[in-house]
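Input: a single structure, listed below in structure tokens.
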Amino acid sequence: MAEANADQANVSEFEPYRVGPDEDYMSPDQEAHFREILLAWKQSLMEEVDRTVHHMQDEATNFPDPNDRATQESEFSLELRTRDRERKLIKKIDEALSRIDEHEYGYCEACGVEIGIRRLEARPTATLCIDCKTLDEIRERQRG
544 MAEANADQAN
554 VSEFEPYRVG
564 PDEDYMSPDQ
574 EAHFREILLA
584 WKQSLMEEVD
594 RTVHHMQDEA
604 TNFPDPNDRA
614 TQESEFSLEL
624 RTRDRERKLI
634 KKIDEALSRI
644 DEHEYGYCEA
654 CGVEIGIRRL
664 EARPTATLCI
674 DCKTLDEIRE
684 RQRG
């Protein structure tokens with residue numbers, strides 16, 4: 544869950560959606576709201592990737608001291624693992640944007656019910672309703 548919170552840092556800078564009195568679930572306005580959130584999140588991640596590339600190019604030094612070299616390699620390795628996780632997240636964002644285009648966004652892939660506006664605002668790449676996600680996590684824990 545700590546990863547989810549770190550991933551969500553940039554997503555939380557939006558105005559929560561206010562549902563109109565007779566508004567249908569995943570109306571065009573709601574789809575636009577989530578498209579905006581997902582695109583902003585993706586842009587933020589892409590900028591971070593660019594910063595990492597420039598940082599690694601600028602900081603790449605061949606230190607004569609083995610300890611300094613090891614420290615630099617360790618830092619680069621950590622950054623690359625983080626970027627790999629973000630690359631996978633960008634793929635999930637692209638999949639969510641595709642579901643918006645197909646008007647399938649916001650519905651549980653397992654049971655078909657509405658995921659819910661607030662859950663999607665908390666986790667815009669969610670594909671399961673809270674009940675199916677809970678069952679999925681229980682099954683995962685049982686498998687070890």
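The opening position of the sequence shown corresponds to residue 544 in my numbering, with each subsequent residue numbered one higher. Virtual Cβ for every residue (Gly too), placed ideally from N, Cα, C. Nothing here was measured: the structure is a model prediction, and the numbers come from that model.
Where residue i falls: helix, strand or coil (DSSP)
{"i": "GLU574", "result": "helix"}
{"i": "GLU657", "result": "strand"}
{"i": "ALA669", "result": "coil"}
{"i": "GLU683", "result": "helix"}
{"i": "ASP565", "result": "coil"}
Cβ-Cβ distance between residue i and residue j below 8 Å
{"i": "PRO667", "j": "LEU581", "result": "yes"}
{"i": "GLY655", "j": "MET569", "result": "no"}
{"i": "LYS585", "j": "ILE636", "result": "yes"}
{"i": "VAL562", "j": "ILE633", "result": "no"}
{"i": "TYR560", "j": "GLU664", "result": "yes"}
{"i": "GLU566", "j": "ILE643", "result": "no"}
{"i": "GLN615", "j": "PHE606", "result": "yes"}
Cβ neighbours of residue i in the same chain (closer than 8 Å, five flanking residues each side left out)
{"i": "ARG630", "result": "VAL592"}
{"i": "LEU671", "result": "CYS651, GLU652, ALA653, ILE658 and ASP679"}
{"i": "GLU579", "result": "PHE557"}
Whole-number beta carbon distance between residue j and residue i, since they are thought to touch under 8 Å
{"i": "ILE673", "j": "ARG662", "result": "6 Å"}
{"i": "THR595", "j": "GLU618", "result": "At roughly 11 Å, the Cβ-Cβ gap does not stay under 8 Å, so THR595 and GLU618 are not in contact."}
Proximal residues to residue i (C-beta, below 7 Å), its chain only, five neighbours per side dropped
{"i": "LEU640", "result": "ARG578 and LEU581"}
Neighbourhood of residue i by C-beta distance below 6 Å, restricted to the same chain and skipping five residues each side
{"i": "LEU588", "result": "GLU629 and ILE633"}
Item checked: alpha helix (DSSP H) runs contained entirely in the segment 570–655, provided each spans 4 or more residues -> Qualifying alpha helix (DSSP H) stretches, in chain order: 571–602 and 609–644.
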